[in-house]
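Trainee: Can you read through this structure? Questions will come right after.
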Amino acid sequence: MTAKTVQTLFIDGQWVPASNGGSRTIYCPADGSEVGIVSEATAEDTERAILAARRSFESGVWARRPAVERGDFLLQVADKLKARKDEFARAEALDTGKRLVEAEGDMDDIISAFRHFGKIADHYPGRLVDAGDPAVISRVVYEPVGVVGMITPWNFPLLQASWKIAPALAAGNSFVLKPAELTPHTALLMVEVLDDLGLPAGVANVVLGDGGVVGAPLSSHKEVDLVSFTGGLVTGRTIARSAAETVKDVALELGGKNPNIIFADADFEAAVDNALNAGFLDSGLVCSAGTRLIVQDSIAEKFVDELVRRAENIVMGGPFDEQAQTGPLISAEHRDKVTDYVNRGIEAGARLRVGGNWGGEEHRDGYFYSPTVLDQCTATNPAVIEEGFGPVITVETFSTEEEAIQIANDTDYGLAGAVWSSDSGVTNRVSRKLRHGTIWVNDYHPYLPQAEWGGFKQSGIGRELGVTGLEEYTVAKHIYENTEPAVSGWFPQKDAN
Ligand code: NAD
Numbered sequence: 001m002t003a004k005t006v007q008t009l010f011i012d013g014q015w016v017p018a019s020n021g022g023s024r025t026i027y028c029p030a031d032g033s034e035v036g037i038v039s040e041a042t043a044e045d046t047e048r049a050i051l052a053a054r055r056s057f058e059s060g061v062w063a064r065r066p067a068v069e070r071g072d073f074l075l076q077v078a079d080k081l082k083a084r085k086d087e088f089a090r091a092e093a094l095d096t097g098k099r100l101v102e103a104e105g106d107m108d109d110i111i112s113a114f115r116h117f118g119k120i121a122d123h124y125p126g127r128l129v130d131a132g133d134p135a136v137i138s139r140v141v142y143e144p145v146g147v148v149g150m151i152t153p154w155n156f157p158l159l160q161a162s163w164k165i166a167p168a169l170a171a172g173n174s175f176v177l178k179p180a181e182l183t184p185h186t187a188l189l190m191v192e193v194l195d196d197l198g199l200p201a202g203v204a205n206v207v208l209g210d211g212g213v214v215g216a217p218l219s220s221h222k223e224v225d226l227v228s229f230t231g232g233l234v235t236g237r238t239i240a241r242s243a244a245e246t247v248k249d250v251a252l253e254l255g256g257k258n259p260n261i262i263f264a265d266a267d268f269e270a271a272v273d274n275a276l277n278a279g280f281l282d283s284g285l286v287c288s289a290g291t292r293l294i295v296q297d298s299i300a301e302k303f304v305d306e307l308v309r310r311a312e313n314i315v316m317g318g319p320f321d322e323q324a325q326t327g328p329l330i331s332a333e334h335r336d337k338v339t340d341y342v343n344r345g346i347e348a349g350a351r352l353r354v355g356g357n358w359g360g361e362e363h364r365d366g367y368f369y370s371p372t373v374l375d376q377c378t379a380t381n382p383a384v385i386e387e388g389f390g391p392v393i394t395v396e397t398f399s400t401e402e403e404a405i406q407i408a409n410d411t412d413y414g415l416a417g418a419v420w421s422s423d424s425g426v427t428n429r430v431s432r433k434l435r436h437g438t439i440w441v442n443d444y445h446p447y448l449p450q451a452e453w454g455g456f457k458q459s460g461i462g463r464e465l466g467v468t469g470l471e472e473y474t475v476a477k478h479i480y481e482n483t484e485p486a487v488s489g490w491f492p493q494k495d496a497n
């Protein structure tokens with residue numbers, strides 16, 4: 001019997017096993033099949049990766065490269081990813097269980113993110129400030145933050161990492177990435193690309209493993225200047241608390257409880273079709289999923305009946321099942337959480353209209369949860385308050401525009417939301433009053449790498465993508481230069497004797 005290959009960590013330009021020899025087997029959540037074995041790092045491995053990133057940063061080997069060259073490097077990364085798209089998409093689909101076609105879509109978005117940051121890398125050199133004195137040159141320059149710790153989730157493993165890697169490299173930082181422990185493979189493929197293209201040793205490092213052990217040092221270590229996290233609210237709070245100790249910069253992309261508001265005059269067919277897409281795309285495992293449906297009461301019955309009818313027809317299946325329209329959850333533990341979330345919603349008075357089960361016998365080996373609609377929900381129902389993070393849509397109704405806005409903003413989250421109406425006065429007023437970071441009008445889900453992404457309230461701190469997504473990885477420095485040095489006269493000196 002030949003020993004199985006263990007994919008290792010990437011630290012200081014080297015592929016290395018965990019210092020204690022530890023490893024973890026990764027299984028596909030669609031059928032429980034083994035996907036691969038990867039090294040499971042220790043806290044000491046993370047420490048080594050942080051110190052390697054620090055050395056590479058201080059050496060200036062990447063940070064002091066001209067920004068235009070760094071941008072060009074990112075464009076080369078985009079080309080490489082395009083050439084290896086099938087291989088990457090397959091790896092992502094196996095780790096997450098998501099449909100191959102969705103993983104391919106993620107790859108297109110990843111390539112676009114690298115192109116976007118590649119193109120703008122040299123656009124923000126700084127600015128001159130009028131000091132009010134012609135002898136003074138006062139300039140603000142933007143420098144890389146330093147060492148970035150990146151911690152990412154399992155739902156869009158490489159996409160979420162790329163929203164951090166591309167701007168961090170564009171700005172000249174070094175980084176240590178810790179992907180979610182259940183979905184490590186595409187992060188390894190990504191550093192392979194960066195390494196092949198000649199990124200200097202130590203600039204990009206990947207450590208794999210448990211959040212509390214391997215991820216924690218990234219938020220506590222003095223040599224990390226910025227911790228950029230995407231994941232759940234509870235973990236985000238832990239990271240922010242830990243980062244406070246060394247007063248490091250913190251960027252948080254957390255969960256959402258995203259309202260999808262349907263006015264009676266909306267295009268019915270488009271709205272109902274997109275309500276399905278909003279809530280059930282990728283099994284609802286999308287931070288911006290429109291899982292909180294808010295429908296005007298005059299059309300609510302018809303709208304929800306149609307939504308339920310269509311939800312019933314959604315076919316679940318594994319990554320390579322061509323009939324499948326949606327995939328599994330990530331693990332048995334996660335499925336238990338979604339099951340408990342739905343049960344508590346029903347106990348609190350919601351009515352189960354469709355779903356609420358693990359699928360038929362054919363899904364026995366995977367962690368599936370059927371598309372679920374809960375109606376007759378009230379604002380105090382836990383299913384309305386909590387992020388379920390599964391294919392579950394709750395339904396509330398409203399009569400007036402003010403009521404719709406009030407319901408949609410009645411959440412501690414504030415990531416995204418949508419409003420559907422054929423009256424542009426209504427859509428304009430409502431979209432300006434919603435306290436959420438992305439608003440779709442008569443659409444759901446599209447986002448652009450050129451436009452900022454992030455949350456209001458407890459959905460996060462900071463923005464990814466757009467221009468701000470690059471600025472997050474820079475720090476402003478003011479340089480005040482007096483070209484005609486002169487005595488200040490503040491402390492006049494008596495003449496010596
Ligand atoms: P999670 O918070 O459980 O884990 C995210 C990452 O944090 C993982 O890599 C995990 O290992 C790590 N981690 C866990 N404990 C840690 C600790 N103490 N210190 C450091 N790292 C730690 O989230 P998840 O279940 O993987 O992802 C789902 C969540 O992510 C959802 O809430 C979803 O809304 C959110 N999300 C948000 C966005 C966004 O753009 N706002 C995008 C995708 C996912």
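Residues 1 to 497 (UniProt numbering) are what the sequence shown spells out, left to right.
A virtual CB, placed ideally from N, CA and C, is assigned to each residue, including glycine.
Just so we're clear, the structure is a prediction, and the values are computed from it rather than from any experiment.
1) Note down the Cα distance separating V487 from G146, rounded to an integer number of angstroms.
2) Report the residue from A348, G105, G355 whose alpha carbon sits nearest the alpha carbon of H445.
3) When you compare each of T378, T380, G388, S331 to G356 by their alpha carbons, which one comes out closest?
4) Is it the case that the Cβ atoms of S174 and A216 are separated by a distance below 8 Å?
5) Looking only at its chain, what residues have a beta carbon closer than 8 Å to the beta carbon of G469, apart from the 5 residues adjacent to it on each side?
6) Tell me whether L281, by its Cβ, gets closer than 7 Å to a heavy atom of ligand 1.
7) Taking all protein chains shown into account, do 16 or more other C-beta atoms lie within 10 angstroms of the C-beta of Q14, making it buried, or fewer, making it exposed?
8) With a threshold of 6 Å on Cβ separation, who are the neighbours of P371 within its own chain once the five nearest residues in sequence on each side are excluded?
9) Can you tell which of L285, G327, D273, F368 has its C-alpha closest to the C-alpha of L307?
10) Could you please give the first and the last residue of the uninterrupted beta strand (DSSP E) stretch that includes R24?
11) Helix, strand or coil, according to DSSP, for Y341 in the structure here?
12) Sorted by chain position, which residues of the same chain lie with C-beta nearer than 8 Å to S220's C-beta, five sequence neighbours on each side aside?
13) Do the region 229-241 and the region 249-256 make contact, defined as three or more Cβ pairs closer than 8 Å?
14) Among the residues of its own chain, which have a CB less than 6 Å from the CB of R54, if the five just before and after it don't count?
15) Quick one: using the 10 Å Cβ neighbour count with 16 as the cut-off for buried, is M1 buried or exposed?
16) Can you tell me the Cα-Cα spacing of A365 and E402, whole angstroms?
17) What three-state label does DSSP hand N274 in the structure shown?
18) Cβ of E387 within 7 Å of any heavy atom in ligand 1?
19) Among residues of its own chain, excluding the 5 on either side of P144, which ones have a beta-carbon nearer than 7 Å to its beta-carbon?
20) Please report the straight-line C-alpha distance between P319 and V430, rounded to a whole angstrom.
21) At a cut-off of 7 Å, would you count Q376 as near ligand 1, judging by its Cβ distance to the nearest heavy atom?
22) Please name the residue in D45, F263, D86 whose C-alpha comes closest to that of V214.
23) Note down, one range per segment and in chain order, each beta strand (DSSP E) of at least 3 residues found wholly within the region 241-298.
24) Under three-state DSSP, which class holds G149?
25) Can you find at least 3 beta carbon pairs, one from the region 252-271 and one from the region 287-303, that sit closer than 8 Å?
26) Just curious, the beta strand (DSSP E) that F229 is in, first and last residue?
27) Measure the beta-carbon distance from H436 to G460 and round it to whole angstroms, keeping in mind my assumption that it falls under 8 Å.
28) Just tell me which of V35, L169, T238, M190 has its CA closest to the CA of P157.
29) May I ask you to report which of helix, strand or coil DSSP gives T468?
30) Residues bridged to W453 by DSSP?
31) Please say whether A30 and G327 have beta carbons closer to each other than 8 Å?
32) In whole angstroms, give me the CA-to-CA distance for V141 and G345.
33) Using three-state DSSP, classify L177 as helix, strand or coil.
34) Out of D225, V193, F88, D412, point me to the one whose CA is closest to T183's CA.
35) For I143, name the three-state secondary structure that DSSP assigns.
Mentor: By the coordinates alone:
1) Taking the straight line from one Cα to the other gives about 36 Å.
2) If we check each option's Cα against that of H445, G105 comes out closest.
3) The option with the nearest alpha carbon to G356 is G388.
4) With respect to A216, S174 sits apart: the two C-beta atoms are not nearer than 8 Å.
5) A distance below 8 Å between beta-carbons, with the five flanking residues on each side excluded, links G469 to the following residues of its chain, in chain order: F117, W163, P167, E452, W453, R463.
6) Result no, Cβ not under 7 Å from ligand 1.
7) Counting of Cβ neighbours within 10 angstroms places Q14 among the exposed residues, the total staying below 16.
8) Non-local C-beta neighbours of P371 in its own chain, meaning closer than 6 Å and more than five positions away in sequence, comprise F280, A311, I314, G355, P391, ordered along the chain.
9) Minimum Cα distance to L307 is reached at D273.
10) Run containing R24: 23-27, per the beta strand (DSSP E) assignment.
11) Shown here, Y341 sits in a helix according to DSSP, grouped into three states.
12) Cβ-Cβ distances below 8 Å link S220 to S242, A243, E245, T246 in the same chain, with the five nearest sequence neighbours on each side left out; the list follows chain order.
13) Between the region 229-241 and the region 249-256 there are three or more inter-stretch CB-CB distances shorter than 8 Å, so the stretches are counted as touching.
14) Non-local C-beta neighbours of R54 in its own chain, meaning closer than 6 Å and more than five positions away in sequence, comprise V147, E223, ordered along the chain.
15) Caution is warranted here: a pLDDT of 45 is assigned to M1, below 50, making its placement in the model unreliable, and the coordinate value is therefore given only provisionally. Label assigned to M1: exposed.
16) For the sequence presented, residue 365 should be read as Asp rather than Ala. Each residue's Cα considered, the two are about 47 Å apart.
17) Under the three-state reduction of DSSP, N274 is assigned to helix.
18) Yes, the Cβ of E387 comes within 7 Å of a heavy atom of ligand 1.
19) For P144, where only same-chain residues beyond five positions count, the Cβ hits under 7 Å are A63, A171, G172, N173, Y473, T474.
20) The C-alpha of V430 is placed about 38 Å away from the C-alpha of P319.
21) Result no, Cβ not under 7 Å from ligand 1.
22) Checked all of D45, F263, D86; the closest Cα to V214 is D45.
23) Listed in chain order, the complete beta strand (DSSP E) runs (minimum 3 residues) inside the region 241-298 are 249-253, 259-262, 292-296.
24) Residue state, collapsed to three classes: strand.
25) They touch, by the three-pair rule.
26) Segment 226-230, the beta strand (DSSP E) holding F229.
27) G460 and H436 do not touch by the CB rule: their CB atoms are close to 11 Å apart, not below 8 Å.
28) A check of alpha carbon separations from P157 across V35, L169, T238, M190 identifies M190 as the nearest.
29) DSSP, reduced to helix, strand and coil, places T468 within a helical segment of the structure shown.
30) Within the DSSP secondary-structure output, W453 pairs in a beta bridge with E464.
31) Cβ atoms of G327 and A30: closer than 8 Å.
32) Their backbone Cα atoms lie some 52 Å apart in a straight line.
33) L177 carries a strand assignment under DSSP once its states are collapsed to helix, strand and coil.
34) Closest by alpha carbon: F88.
35) In the sequence on display, residue 143 carries Glu and not Ile. Assignment of E143 by DSSP, reduced to helix, strand and coil, places it in the strand class.
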